[in-house]
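Each residue of the sequence shown is one higher than the last, beginning at 1 in the UniProt record's numbering. Cβ atoms here follow ideal geometry from the backbone N, Cα and C, with glycine treated the same way.
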Amino acid sequence: GDLVYKAIIARYSRTLATTFAAGVPLIDALESTAGATNNVIYEKAVMKIREDVATGQQLQFAMRVSNRFPSMAIQMVAIGEESGALDSMLDKVATYYENEVDNAVDGLTSMMEPLIMAILGVLVGGLVIAMYLPIFQMGSVV
């Protein structure tokens with residue numbers, strides 16, 4: 001849910017920042033970024049943004065109209081467009097959301113560790129019982 005959403009925004013921002021910083025025109029950068037989102041909904045949204053930008057609309061307005069991007073990302077894009085440092089601002093958005101994803105994954109990992117340990121304990125205990133139970137039963141028969 002939220003983790004996937006943040007990962008998509010991070011991937012979109014990082015890819016667009018990298019391609020735009022490399023000198024690729026914004027329209028072409030948006031086209032290549034659409035496929036990098038790995039999500040059909042966002043791919044369509046980015047292609048719509050590309051069409052809007054191609055007709056002369058600012059990137060920030062096209063992103064806002066798509067209703068797929070958080071307000072923080074849109075505000076950072078607006079600042080980047082006004083200051084002429086769009087690639088830098090997109091890079092900061094990507095870094096922010098990558099950190100959010102990393103923190104969420106770390107939280108999930110720390111919550112899953114005790115569960116995994118308990119499951120492994122049950123499995124090992126079951127194996128030990130399965131190995132020693134026949135030995136104990138043979139001892140009681142004799």
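When the distance is taken between beta carbons, is residue j closer than 8 angstroms to residue i?
i           : j           : result
residue 3   : residue 101 : yes
residue 11  : residue 36  : yes
residue 130 : residue 17  : no
residue 46  : residue 27  : no
residue 82  : residue 59  : no
residue 39  : residue 79  : no
residue 86  : residue 13  : no
residue 49  : residue 71  : no
residue 68  : residue 42  : yes
residue 33  : residue 15  : yes
Helix, strand or coil for residue i, going by three-state DSSP, please let me know.
i          : result
residue 85 : coil
residue 22 : coil
residue 37 : coil
residue 1  : coil
Should residue i be labelled buried (16 or more other beta-carbon atoms within 10 Å of its own) or exposed?
i           : result
residue 22  : exposed
residue 137 : exposed
residue 97  : buried
residue 19  : buried
residue 112 : exposed
residue 62  : buried
residue 118 : exposed
Quiz item: Taking only runs of the alpha helix (DSSP H) that begin and end inside the region 39-116, which ones reach a length of at least 4 residues, in chain order?
Solution: 40-54, 59-66 and 71-83
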